[in-house]
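In mature numbering (1 follows the signal peptide of the UniProt record, and there is no 0), the protein residues as written are -31 to -1, 1 to 429. In this text, a Cβ means the ideal position worked out from N, Cα and C, and glycines have one as well. Take a look at the structure set out below.
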DNA sequence: GTAGGGTTAG
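Following this line, the structure appears as structure tokens:
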């Protein structure tokens, strides 16, 4: 009597085999086609084996379709308790998607019991959202469920805390891992947490520790170490790392090359930065161009930075908002006020980049540096974003440069409200007083600074 | 079946 209904089993097996076969070169079109074929053969999407392999295939795509994945998952829900595997796969897809919060929302519905693969994608979602509170709750929950001793969970935690700026919490997780339980990703996540939060000392300490327990660095390691060297201005150490990079063949790694461009540019070795850029050839990315543009502008080669930008446009590369910061920065350091405004307009018109506070800060610098300090002030009070301390500091700098006492006092008042006790601001204001010959005020200011510093830190 | 990277105004 089973003759009347053809068995769907061979079709299911065939489709699963096809999905697995295409994993070598996954494609959305192939997945949809195989899915449709299964449906035609009478295998429903809710079949757990089909759904599992379909989701796994979707997760392997470069940009997995989140809605499709959630739709497949929802077909499984009416059929009894959900297996953790398909849910974890969708969590992973959601975590890496433009909407990481979907992962947290799915988790909140408690559709399946968590297992060893549940927390890494959830923690990744928190890291991308900078959702520290939710990440801490998941940390506690993973601990309660007994998953916090897993290296994958621990590495995700180190990354999460580092991404949220809590490098000390990251280090606490790392420190409590058994030394033998750490792998290369653990070390790299720890190094990156320190590097990304401006702790070059700690990066180098952990790096030596890592070499001491015989872990060979890879590209990720090198990027963090080079970032630390750049921040330190540790050119000699950076060069040694560069030699290592060439020795072990990491020169092909664009992230490493970009970190080298940045290192050399920050250390003033513009020719080395240029050479790395040249050697990258077709491996150059927008970040490589941007790093060199910013590096050239910062070292007084504004004209060349702008030429490089033109070349970049001719190569049809799309600048990012950071590229445009570099371009505007180059204009202000060369006194090219009109060009700066033209680039500012083109940024919106040609590339759809709406100005961020950094761009507006460049415009203030552009006007102020050129001596048009009153215009710079008008720009600040009418610009579409709330001026921050850096903007007022920029204005104070141009006031000192061009002896504008009244506006300088205005900027100083804003700075006292927004960022009190910033020692560099005392220097700028006292430069201004000195420039206009108000030596008595220079001395008063010096005493105030010492008093403020003592109040801020009684041990200093 | 799981985790990690580079460029930003003073």
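Between the stretch 331 to 344 and the stretch 315 to 322 there are fewer than three inter-stretch CB-CB distances shorter than 8 Å, so the stretches are not counted as touching. The stretch 253 to 272 makes contact with the stretch 296 to 313; the number of CB pairs closer than 8 Å reaches 3 or more. By the Cβ-count criterion, residue 170 is exposed, with fewer than 16 other Cβ atoms from all chains shown falling within 10 Å of its own Cβ. Secondary structure of residue 323 (DSSP, three-state): coil. By a beta-carbon distance limit of 8 Å, residue 63 contacts residue 94. Their separation comes to about 7 Å. The stretch 45 to 113 is shown to contain no whole beta strand (DSSP E) run of 3 or more residues. Residue nearest to residue 372 within the set 382, 397, 389 and 387 is 397 (criterion: CA-CA distance). The way I'd put it, the stretch 378 to 388 doesn't touch the stretch 405 to 423; fewer than three beta-carbon pairs between them come closer than 8 Å. In this structure, residue 46 places its C-beta atom within 9 Å of the C-beta atom of residue 80. The straight-line gap separating the alpha-carbon atoms of residue 178 and residue 54 is approximately 37 Å. Secondary structure of residue 170 (DSSP, three-state): helix.
Rounded to the nearest angstrom, the gap between the Cα atoms of residue 131 and residue 326 is 24 Å.
Apart from sequence neighbours up to five positions away, the residues of its chain that approach residue 201 with a beta-carbon distance below 7 Å are 169, ordered along the chain. Cβ-Cβ distances below 7 Å link residue 126 to 92, 108 and 142 in the same chain, with the five nearest sequence neighbours on each side left out; the list follows chain order. Taken through DSSP and simplified to helix, strand or coil, residue 394 comes out as helix.
Burial check for residue 164: the Cβ neighbour count within 10 Å reaches 16 or more, so the residue is buried.
For the stretch 246 to 318, the continuous alpha helix (DSSP H) assignments of 4+ residues that do not extend past its boundaries occur at 255 to 267, 271 to 283 and 290 to 303, in sequence order. Taking 9 Å as the cut-off, the beta carbon of residue 61 is found no closer than this to the beta carbon of residue 34. A contact is defined here as three or more CB-CB pairs under 8 Å, and the stretch 221 to 238 meets this definition with respect to the stretch 202 to 213. Counted as a single uninterrupted DSSP element, the alpha helix (DSSP H) harbouring residue -21 occupies residues -23 to -11. Taking 8 Å as the upper bound for CB-CB distance, residue -13 and residue 22 are in contact here, some 4 Å apart. Here residue 212 is exposed. Its C-beta has fewer than 16 other C-beta atoms within 10 Å. Looking at 276, 223 and 264, the one whose alpha-carbon comes closest to that of residue 237 is 264.
For residue 369, the closest C-alpha among the options 407, 311, 391 and 390 is that of 407. Take the alpha-carbon of residue 306 and the one of residue 294: they are about 14 Å apart. Under the DSSP assignment, residue 201 falls in the alpha helix (DSSP H) whose first and last residues are 188 to 201. Its Cα nearest to that of residue 359, the residue 388 stands out among 388, 378 and 342.
Taken atom to atom, the span from the alpha-carbon of residue 215 to that of residue 134 is near 32 Å. Per DSSP, the continuous alpha helix (DSSP H) segment holding residue 17 begins and ends at 17 to 28. Comparing alpha-carbon positions, the option among 356, 328, 366 and 323 lying closest to residue 342 turns out to be 366.
Residue 44 is a Cβ neighbour of residue 13, given a cutoff of 9 Å. Nearest C-alpha to residue -2 among 255, 185, 145 and 27: 27. With a 10 Å radius around the Cβ and a threshold of 16 neighbouring Cβ atoms, residue 144 comes out exposed. For residue -5, the secondary structure class from DSSP, reduced to helix, strand or coil, is coil. Between the alpha carbons of residue 244 and residue 280 lies a gap of roughly 17 Å.
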